[in-house]
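A short worksheet on the structure shown next.
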């Protein structure tokens, strides 16, 4: 288990252009596999177009208390990129005026941003329909100053979406680090104790599953049943929904694929599992991603690859929803990850 980010290790793959080179050359350059552009052109879905904005996803920083081996953000304790209050104020101006119904705060561990609570309090006043915070769970138990986060989330009716690789200790700790499983279980118990995830509760608690290796996730509905059964029987824990998300071949997961000699096989899996019916509902069509420094991207995967929106509007400070609608989505081969099988998005399957 690595304990430093790619950036800290000064890995070549810490550079987005190096990742894009790998995704553009080799088996895609020599014609072994079709590029994503060529694939969606076969079904007359190129160019991929943005639709009405529904989800505003804001990354408030790459700092995290964990160094998960699949992390597409390359987050960790050594990352210092943190959204300032000035940029948060620009985001708040947009939140108050946007037609989007969902606000999705992510990181890193978003709770580690020193202005996180202030931002949540101010954003909650905007009355957004679904206010999501993507919490890694362990942050709740990481330090005493975070122990009251469940109560804070409840006060502002925050919808919690948390990563949980598996219902067993071995598989979870292998992917996310020693001790992560036990801390996650305790955090889930803390959340259940105040009503999160309980049947008929309005305090939404959803879990996210990412495969731990070079394979695609199984059926989301079947996995949700297995997760619910195991967590209830073993720990008395309940939650609402499970989202099964495909690991995209970027950042630390790309590093893992190359180091384990699985890159080409994984790309073949993604292309073989390509589902044209998933294309029209991929998250980039109804989501806008905002980076820690306020720049705009079609999705957080494009954010990590430094592929900004194809629009005159590039920064949250110059936000114009009308200009951003119907833009062409920026694509590359990583997009196969969101269109394989039942499709994949931050809200789980799409097809």
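Residue numbers (full-length UniProt numbering): 1 to 351. From the three backbone atoms N, C-alpha and C, an ideal C-beta is built for every residue, glycine too.
When secondary structure is reduced to three states using DSSP, residue 76 falls in the strand class. Of all C-beta pairs linking the stretch 75-83 to the stretch 44-51, fewer than three are shorter than 8 angstroms, placing the two stretches out of contact. By DSSP's assignment, residue 287 forms a beta bridge with 55. Between residue 108 and residue 63, the gap from beta carbon to beta carbon is short of 7 angstroms. Residue 126 places its beta carbon 7 angstroms or farther from that of residue 160. When DSSP reads this structure, residue 206 sits in a beta bridge with 161, 241. Out of 343, 181, 331, the CA that lies nearest to the CA of residue 41 is found in 331. Proximity of the stretch 325-340 to the stretch 298-305 meets the contact definition, three or more beta-carbon pairs being nearer than 8 angstroms. Contact check for residue 246 against residue 180 fails: the beta carbons are separated by 7 angstroms or more. Taking 4 residues as the minimum length, the alpha helix (DSSP H) runs contained wholly in the UniProt domain "Radical SAM core" (58-196) are 85-97, 116-124, 138-142, 149-155, 169-176, 180-193, in order along the chain. A residue is called buried when at least 16 other Cβ atoms come within 10 angstroms of its Cβ; residue 227 meets this threshold and is buried. Burial state of residue 29 is exposed, judged by a 10 Å Cβ sphere holding fewer than 16 other Cβ atoms.
Of 145, 157, 87, the smallest CA-CA separation from residue 121 is found for 157. Shortest Cα-Cα distance from residue 317 to any of 339, 175, 292 involves 292. When the Cα atoms are used, residue 233 and residue 220 turn out to be separated by approximately 20 angstroms. In this chain, the alpha helix (DSSP H) harbouring residue 254 covers 251-259. Nearest Cα to residue 55 within the set 36, 83, 98: 98.
Counting of Cβ neighbours within 10 angstroms places residue 236 among the exposed residues, the total staying below 16. The Cβ atoms of residue 197 and residue 240 lie closer than 7 angstroms to each other.
Take residue 116, set aside five residues on each side of it, and the residues of its chain with a beta-carbon closer than 7 angstroms to its own are 60, 110, in chain order. The continuous alpha helix (DSSP H) containing residue 223 extends over residues 220-235.
When the beta-carbon positions are compared, residue 339 and residue 279 come within less than 7 angstroms of each other.
The closest CA to that of residue 188, considering only 281, 211, 88, 162, is found on 162.
DSSP lists 340 as the bridge partner or partners of residue 274. Residue pairing by DSSP leaves residue 312 without any beta bridge partner. Inter-residue distance for residue 208 and residue 270 is about 20 angstroms (C-alpha atoms, whole angstroms).
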